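The structure under discussion appears below in the form of structure tokens.
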Amino acid sequence: MIEREQIEMDVVFVGAGPANLAAALHLKNEIVKHDEMIDKGLKFGNKVGEIEIAIVEKGSFVGAHILSGAVMDPIAIRELMPDFLDQGCPVDTVVTEDAFWYLTDTKGINAPLVPPPLKNKGKYIVSLSKVCEWLGEKCEEAGINIFPEFPAAEVLYDENDAVIGVRTGDKGIDKDGKHKANFEAGVDLLAKVTVLGEGSRGSLAKQITARLGLDHGKESQVFSLGIKELWELPAGNFPEGKVVHTLGFPSDTRTYGGGWIYGLKDNVVSIGYVTGLDYEDPMIDPHAEFQKFKTNPKVAAVLAGGKMIKYGAKTINAGGYYTMPKLYADGVLIVGDSGSFLNGQRIKGIHTAMKSGMLAAETIIGAFEHQDFSSKTLRHFEEKVNLSWIYDELHPVRNFHGAFQKGRWSALINTGLQFLTRGLAWGFLPKEHHVAGHERMQTVGDRQLAVGSRGPSDHLKDVRYAGVPFDKELTFDKATDVFYAGVAHDEDQPSHLHVLDTEICATRCAEEYGNPCQRFCPAAVYEMEESATTGRRELKVNFSNCVHCKTCDIADPYQIINWVTPEGGGGPNYKGM
Ligand code: SF4
Numbered sequence: 015m016i017e018r019e020q021i022e023m024d025v026v027f028v029g030a031g032p033a034n035l036a037a038a039l040h041l042k043n044e045i046v047k048h049d050e051m052i053d054k055g056l057k058f059g060n061k062v063g064e065i066e067i068a069i070v071e072k073g074s075f076v077g078a079h080i081l082s083g084a085v086m087d088p089i090a091i092r093e094l095m096p097d098f099l100d101q102g103c104p105v106d107t108v109v110t111e112d113a114f115w116y117l118t119d120t121k122g123i124n125a126p127l128v129p130p131p132l133k134n135k136g137k138y139i140v141s142l143s144k145v146c147e148w149l150g151e152k153c154e155e156a157g158i159n160i161f162p163e164f165p166a167a168e169v170l171y172d173e174n175d176a177v178i179g180v181r182t183g184d185k186g187i188d189k190d191g192k193h194k195a196n197f198e199a200g201v202d203l204l205a206k207v208t209v210l211g212e213g214s215r216g217s218l219a220k221q222i223t224a225r226l227g228l229d230h231g232k233e234s235q236v237f238s239l240g241i242k243e244l245w246e247l248p249a250g251n252f253p254e255g256k257v258v259h260t261l262g263f264p265s266d267t268r269t270y271g272g273g274w275i276y277g278l279k280d281n282v283v284s285i286g287y288v289t290g291l292d293y294e295d296p297m298i299d300p301h302a303e304f305q306k307f308k309t310n311p312k313v314a315a316v317l318a319g320g321k322m323i324k325y326g327a328k329t330i331n332a333g334g335y336y337t338m339p340k341l342y343a344d345g346v347l348i349v350g351d352s353g354s355f356l357n358g359q360r361i362k363g364i365h366t367a368m369k370s371g372m373l374a375a376e377t378i379i380g381a382f383e384h385q386d387f388s389s390k391t392l393r394h395f396e397e398k399v400n401l402s403w404i405y406d407e408l409h410p411v412r413n414f415h416g417a418f419q420k421g422r423w424s425a426l427i428n429t430g431l432q433f434l435t436r437g438l439a440w441g442f443l444p445k446e447h448h449v450a451g452h453e454r455m456q457t458v459g460d461r462q463l464a465v466g467s468r469g470p471s472d473h474l475k476d477v478r479y480a481g482v483p484f485d486k487e488l489t490f491d492k493a494t495d496v497f498y499a500g501v502a503h504d505e506d507q508p509s510h511l512h513v514l515d516t517e518i519c520a521t522r523c524a525e526e527y528g529n530p531c532q533r534f535c536p537a538a539v540y541e542m543e544e545s546a547t548t549g550r551r552e553l554k555v556n557f558s559n560c561v562h563c564k565t566c567d568i569a570d571p572y573q574i575i576n577w578v579t580p581e582g583g584g585g586p587n588y589k590g591m
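For what it's worth, the working numbering labels the leading residue of the sequence shown as 15, then goes sequentially.
Have a look at this one:
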């Protein structure tokens with residue numbers, strides 16, 4: 015039995031992303047205002063007083079694991095801090111020009127009109143990692159405790175299943191599970207309210223959703239995987255402030271996908287591609303889709319003569335309003351991507367994540383005022399969300415992603431109808447229209463029947479990516495890209511990728527799906543290798559490559575991969591991404 019230190023806090027935020035950083039700062043600021051108003055007789059109620067707030071973060075610094083495109087709608091940060099620019103918020107540049115390209119394998123057509131949801135003129139191109147680093151500094155200046163390298167590994171409950179805090183991960187365990195000389199037991203951080211803002215497919219949000227049934231009555235969550243590179247270009251290739259979104263090549267019409275190119279300062283571009291993780295073809299490789307995207311002549315011309323300088327990959331919650339879990343339970347709130355606050359139609363979630371955090375903060379003030387941290391008080395969070403501009407923004411686009419599960423063309427018709435009717439048009443959609451990605455993936459046999467191919471499965475993958483040279487100039491293999499993600503994990507620790515039944519990998523999965531983990535992981539973590547002992551191909555997990563995107567936890571068709579937090583500080587380094 016390990017002896018663990020217990021630290022009593024009042025509020026613990028799990029994850030130092032935009033939602034929780036905005037939440038913690040807003041909480042601190044609003045408590046001061048609330049108490050001052052009561053002192054001055056301008057408000058009735060109870061004062062909250064000084065409370066201890068902690069943010070735990072698994073990355074080695076705030077921003078280390080933060081990755082986004084990213085064009086930020088400033089609506090939320092302006093509410094949080096009206097003078098955010100004067101206070102030094104590190105925006106890169108202002109969007110000056112929008113474009114929308116429809117791509118085929120040989121052409122790029124500049125659409126005469128940019129769809130209204132993709133108009134970004136006047137908004138800010140940012141490195142979200144830098145913005146979070148800066149917000150972290152603001153939180154520390156306000157007296158909030160931030161603990162980087164402290165992954166929250168487990169939710170703590172009382173005897174009535176109320177959340178009472180989190181347990182951080184142990185440090186100093188070797189790959190065989192034995193304690194090393196530097197072993198340190200994780201601590202129990204006890205809190206009256208715990209806020210889960212771990213981003214997409216949060217590992218604690220997953221635990222608590224299953225235990226407390228927070229997804230009962232909700233549609234299945236669907237995810238997309240965004241893969242991004244930063245490139246330095248010769249002067250004149252692509253203007254600073256220009257934002258391009260693309261549709262078409264290389265996605266087939268049954269697969270959700272689209273690209274972006276954002277012009278940053280100093281001839282740097284953010285270029286990336288999003289693939290819906292609800293694809294049907296088990297041979298799809300989202301990393302290779304992105305590489306293929308760059309071979310379109312119009313895209314390749316932007317990158318000509320340039321140099322790739324950074325790489326990253328991250329999933330996003332794409333389901334929107336209908337797939338939001340219940341956002342509260344006794345002692346806990348769920349914010350940001352963990353709560354499905356992203357607007358899939360605008361491909362934007364920073365502003366909604368921040369606003370969700372701020373509304374959580376206002377709910378927490380009410381909880382302290384009444385000294386009631388149960389669902390009775392915390393349920394006001396959902397009411398606040400539904401009365402805020404988040405609802406006004408997300409509810410009209412509630413069918414957006416579901417429509418794409420019927421194919422691109424019906425989705426575009428539905429999107430147009432939804433835009434004109436503020437979401438009232440249901441188009442051709444059945445009521446339960448978000449199907450989890452792992453349920454949509456076809457077996458190799460079904461896929462071959464669907465496309466009429468008679469070739470072996472690997473042949474199909476080769477055909478799909480035949481035009482991609484992987485020449486390390488324009489297109490890169492996974493191993494090369496991973497180097498540019500700055501990933502580091504101590505190799506002498508247990509793997510944080512728990513494959514619950516590797517026998518399935520060597521047998522059923524090999525036969526039925528051709529081991530899709532080798533393709534959907536954008537960091538070459540999973541390999542099927544011939545075993546000298548059994549003579550068959552067995553799973554090898556190169557966990558130290560992992561960029562923490564969570565795709566495997568989401569996309570595995572048997573749902574037998576469980577991503578858990580590795581030792582604190584391990585993972586990618588997205589500084590400046
Ligand atoms: Fe993403 Fe899983 Fe691969 Fe890690 S192992 S990079 S979480 S798909």
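A virtual CB, placed ideally from N, CA and C, is assigned to each residue, including glycine.
In this text, all values refer to a predicted model and were calculated from it rather than measured experimentally.
Given 7 Å as the limit, tell me if TRP115 has its C-beta closer than that to any heavy atom belonging to ligand 1.
Residue mapping note: residue 115 aligns to position 101 of the sequence shown, counting from 1. Relative to the non-hydrogen atoms of ligand 1, the Cβ of TRP115 never comes closer than 7 Å to any of them.
Any non-hydrogen atom of ligand 1 within 7 Å of CYS519 CB
Taking the first residue of the sequence shown as 1, we reach residue 519 at position 505. Not so, every heavy atom of ligand 1 lies at least 7 Å from the Cβ.
Where the alpha helix (DSSP H) through TYR293 begins and ends
Taking the first residue of the sequence shown as position 1, residue 293 is located at position 279. Per DSSP, TYR293 belongs to no alpha helix (DSSP H) and is neither H nor E.
So the candidates are PHE58, SER402, ALA343, MET372; which of them puts its Cα closest to the Cα of ALA224?
Residue numbering aside, residue 224 sits at position 210 when the sequence shown is read from its first letter. Among PHE58, SER402, ALA343, MET372, the Cα nearest to that of ALA224 is on ALA343.
Could you spell out the range, first to last residue, of the beta strand (DSSP E) harbouring GLY380?
Within the sequence shown, numbered from 1, the residue matching residue 380 stands at position 366. Counting along the chain, GLY380 sits inside no beta strand (DSSP E); it lies in the alpha helix (DSSP H) bounded by residues 364-384.
Could you tell me whether the segment 293-305 touches the segment 163-177, using the rule of 3 or more Cβ pairs below 8 Å?
no
Assign GLU446 to one of two classes, buried (16 or more other C-beta atoms within 10 Å of its C-beta) or exposed (fewer than that).
Mapped onto the sequence shown, residue 446 falls at position 432. Interpretation of GLU446 is limited by its pLDDT of 49, a score under 50 that renders its predicted location unreliable; no figure is taken from the coordinates.
With DSSP as the reference, identify every bridge partner of PHE237, one or two as the case may be.
Indexing the sequence shown from 1 puts residue 237 at position 223. Paired residues: ASN331.
Quick one: grab the DSSP three-state call for GLN20.
Here residue 20 refers to the residue found at position 6 of the sequence shown. Looking at GLN20 - three-state DSSP - the assignment turns out to be strand.
Under the three-state reduction of DSSP, which class applies to GLN82: helix, strand or coil?
Start at 1 with the first residue of the sequence shown, and residue 82 comes out as number 68. At residue 82 the sequence reads Ser, which differs from the Gln that was named. If DSSP states are grouped into helix, strand and coil, SER82 belongs with coil.
Comparing the CB of VAL46 with every heavy atom of ligand 1, is any distance shorter than 7 Å?
Working through the sequence shown from its first residue, we reach residue 46 at position 32. Checking the Cβ of VAL46 against ligand 1 gives no.
Count the C-beta pairs between the segment 320-330 and the segment 557-577 that are closer than 8 Å, then say yes if the count reaches three, no if not.
yes
Between which residues of its own chain and PRO571 is the CB-CB distance below 6 Å, once the five residues before and five after are set aside?
To locate residue 571, count along the sequence shown from 1; it is residue 557. Excluding residues within five positions, the ones whose Cβ falls inside 6 Å are HIS452, MET455, TYR527.
Sort out for me which residues DSSP pairs ILE158 with in a bridge.
For the purposes of this step, residue 158 is taken as residue 144 along the sequence shown, with counting starting at 1. Paired residues: none, contrary to the question.
Quickly, what does DSSP pair TYR138 with across the bridge? List them, please.
Indexing the sequence shown from 1 puts residue 138 at position 124. DSSP, once it has assigned bridges, lists MET86, VAL108 as partnering TYR138.
Identify, in the order they occur along the chain, each residue of the same chain with its Cβ nearer than 7 Å to the Cβ of SER217, setting aside the five sequence neighbours on each side.
One-based indexing of the sequence shown puts residue 217 at position 203. Excluding residues within five positions, the ones whose Cβ falls inside 7 Å are TRP577, VAL578, THR579.
I believe VAL411 touches ASN331 by the beta-carbon criterion, under 8 Å. Please report the beta-carbon distance rounded to the nearest angstrom.
Within the sequence shown, residue 411 is the residue found at index 397, counting from 1. Within the sequence shown, residue 331 is the residue found at index 317, counting from 1. With a Cβ gap of about 14 Å, VAL411 and ASN331 do not count as contacting.
Let me know if ARG18 comes out buried or exposed under the rule of 16 or more other beta-carbons within 10 Å of its beta-carbon.
Position 4 of the sequence shown holds residue 18. Classified as exposed, ARG18 has fewer than 16 neighbouring CB atoms from the shown chains inside 10 Å of its CB.
Can you check whether the CB of THR208 is closer than 8 Å to the CB of VAL180?
For the purposes of this step, residue 180 is identified with residue 166 of the sequence shown, where counting begins at 1. For the purposes of this step, residue 208 is identified with residue 194 of the sequence shown, where counting begins at 1. Yes, these two residues count as a Cβ contact at 8 Å.
Distance, GLY319 Cα to ALA537 Cα
The residue labelled residue 537 in the question sits at position 523 within the sequence shown. The residue labelled residue 319 in the question sits at position 305 within the sequence shown. In a straight line, the C-alpha of ALA537 is about 25 Å away from that of GLY319.
Could you give the uninterrupted runs of the alpha helix (DSSP H) lying entirely in the segment 150-237, keeping only those of 4 residues or more?
217-226
Within a Cβ cutoff of 8 Å, which residues of the same chain sit near PHE197, ignoring the five residues on either side of it in sequence?
Counting from one through the sequence shown, the residue named residue 197 turns up at place 183. The residues are ASP184, LYS185, GLY186, ILE187.
Heavy atom of ligand 1 less than 7 Å from the Cβ of LYS564, yes or no?
Along the sequence shown, read from residue 1 onward, the residue named residue 564 stands at position 550. LYS564: yes, Cβ under 7 Å from ligand 1.
Bounding residues of the beta strand (DSSP E) (the contiguous stretch that carries ASN576)
Indexing the sequence shown from 1 puts residue 576 at position 562. First-last of the beta strand (DSSP E) with ASN576: 575-577.
Using DSSP with H/G/I as helix, E/B as strand and the rest coil, what is THR260?
Here residue 260 is taken as the residue at index 246 of the sequence shown, counted from 1. The answer is strand: DSSP assigns THR260 an E or B state.
Alpha carbon to alpha carbon, how far is TYR270 from ALA464? Give it in angstroms, no decimals.
By 1-based counting over the sequence shown, the position of residue 464 is 450. By 1-based counting over the sequence shown, the position of residue 270 is 256. Computed Cα separation, rounded: 18 Å.
Whose C-beta lies closer than 7 Å to the C-beta of ASP172 among residues of the same chain, with five residues either side of it excluded?
On the sequence shown, position 158 is the one that residue 172 refers to. The answer, listed in chain order, is ILE178.
If we ignore side chains and look at the alpha-carbon of each, how far apart do LEU132 and PRO508 end up?
Start at 1 with the first residue of the sequence shown, and residue 132 comes out as number 118. Start at 1 with the first residue of the sequence shown, and residue 508 comes out as number 494. Computed Cα separation, rounded: 43 Å.
Leaving out five residues on either side along the sequence, give the residues of the same chain with a beta carbon under 6 Å from the beta carbon of PHE433.
Looking up residue 433 in the sequence shown gives position 419. Nothing listed; no residue qualifies.
8 Å Cβ shell around PRO311 - same chain, five flanking residues per side excluded
Position 297 of the sequence shown, counted from the first residue, corresponds to residue 311. The answer, listed in chain order, is THR120, LYS121, GLY122.
Tell me ASN43's beta-bridge partners as DSSP assigns them.
Numbered from its first residue, the sequence shown carries residue 43 at position 29. None, per the DSSP bridge assignment.
Pull the bridge partners of LEU117 from the DSSP assignment, please.
For the purposes of this step, residue 117 is taken as residue 103 along the sequence shown, with counting starting at 1. Answer is GLY122, GLY262.
For the beta strand (DSSP E) that ARG551 lies in, which residues bound it at each end?
Position 537 of the sequence shown holds residue 551. Per DSSP, ARG551 belongs to the beta strand (DSSP E) from 551-555.
For the beta strand (DSSP E) that contains GLY277, what are its first and last residues?
Translated into the one-based positions of the sequence shown, residue 277 becomes position 263. 271-277 is the extent of the beta strand (DSSP E) around GLY277.
Sort ARG533, ARG360, GLU212, SER402 by Cα distance to THR260 and report the nearest one.
Locating residue 260 in the sequence shown gives position 246, counting from the first residue. Per the Cα distances, ARG360.
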